[in-house]
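Everything below concerns the one structure shown next.
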Amino acid sequence: KGSEAPPVVISSVRRTSELGQAWAHDGIRAGAAVAEILRLSSEKLRTRFAVIDVTNIGGCRNRHKSEILLVTRQGTTVKWGRSPLLVNSPGELTPEQKLTKMILFEEKRGPLSDYRYVDIRFDDVQHGPRIRTLSNRTVTN
Numbered sequence: 001k002g003s004e005a006p007p008v009v010i011s012s013v014r015r016t017s018e019l020g021q022a023w024a025h026d027g028i029r030a031g032a033a034v035a036e037i038l039r040l041s042s043e044k045l046r047t048r049f050a051v052i053d054v055t056n057i058g059g060c061r062n063r064h065k066s067e068i069l070l071v072t073r074q075g076t077t078v079k080w081g082r083s084p085l086l087v088n089s090p091g092e093l094t095p096e097q098k099l100t101k102m103i104l105f106e107e108k109r110g111p112l113s114d115y116r117y118v119d120i121r122f123d124d125v126q127h128g129p130r131i132r133t134l135s136n137r138t139v140t141n
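So the sequence shown is numbered by the UniProt record's numbering: it starts at 1 and just counts up by one.
Given below as structure tokens:
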């Protein structure tokens with residue numbers, strides 16, 4: 001619903017900017033951009049996420065892993081990929097394509113929250129095993 005709290009951006013910022021100044025940290029800007037993309041998306045997606053994790057922005061922790069992670073209110077991690085502020089990210093989908101991938105994934109496979117993780121960075125959506133119970137049995141695939 002429209003009253004759901006917006007996602008919290010988690011970053012590795014150690015110092016804040018001066019009062020009244022924009023934050024110069026790439027992670028904060030990237031997290032804010034993703035939050036805005038979600039805010040403008042369908043209500044179905046807009047209210048789904050609790051956290052936007054940008055602690056790996058620029059690949060500072062591991063350049064082979066997703067720089068931005070979205071965490072659903074149920075704990076599923078969605079691997080978003082690189083900052084939407086980067087103009088040229090070869091091979092990576094646009095933010096609009098990523099939103100569409102999430103919607104299509106749910107239509108085909110069920111809620112994101114049924115899975116440990118969902119990776120929407122590229123054309124072929126990857127996912128972890130199911131973590132929710134269906135018909136009193138846990139399904140892993």
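Every residue gets a Cβ at the ideal spot worked out from N, C-alpha and C, and that includes glycine.
Distance between Cys60 and Val8, taken at the CA atoms: about 20 Å.
In the DSSP secondary-structure assignment, Arg130 is bridged to Tyr115. Going by beta carbons, Ala30 and Val54 fall inside the 8 Å limit. Distances from the CA of Leu69 to each of Arg130, Val125, Phe122 and Val118 were compared; the closest alpha carbon is that of Val118. Taking a cut-off of 8 Å on C-beta distances, the segment 76–87 touches the segment 30–40, as three or more cross pairs fall below it. Nearest neighbour of Leu45 by Cα position, chosen from Ile57, Asn56 and Pro95, turns out to be Pro95. Setting aside the 5 residues that flank it on each side, Arg73 is surrounded in the same chain by Ala50, each with a C-beta closer than 6 Å to its C-beta; the list follows chain order. Of the other Cβ atoms in all chains shown, 16 or more fall within 10 Å of the Cβ of Asn56; this residue is therefore buried. Going by C-alpha positions, Gly91 is about 12 Å away from Ile120.
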